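Accompanying notes for the structure given below.
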Amino acid sequence: MFSLTLGSALIAFGLPATVVGFVGVVIAGAIGAFIDDKFADELNHKIIK
1 MFSLTLGSAL
11 IAFGLPATVV
21 GFVGVVIAGA
31 IGAFIDDKFA
41 DELNHKIIK
């Protein structure tokens with residue numbers, strides 16, 4: 001949902017879809033780098049239940 005909203009906003013500002021996709025990958029990578037393994041494991045168990 002977040003990426004859809006951010007992508008729509010960036011495209012509305014006139015950025016090409018390639019740039020929007022690249023920004024999405026960078027943001028996803030940054031968020032992934034800040035999540036530690038214990039939090040990810042706990043979140044995974046909650047999703048599975």
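Residues in the sequence shown are numbered from 1 upward in steps of one, following UniProt numbering. Cβ coordinates follow ideal geometry from the N, Cα and C atoms, glycine included. These numbers come from a predicted model, not from an experiment.
CB-CB under 7 Å to residue i, same chain, minus the five flanking residues each way: which ones, in chain order?
i	result
F22	none
D41	none
At which residues does the alpha helix (DSSP H) containing residue i begin and terminate?
i	result
K38	37 to 48
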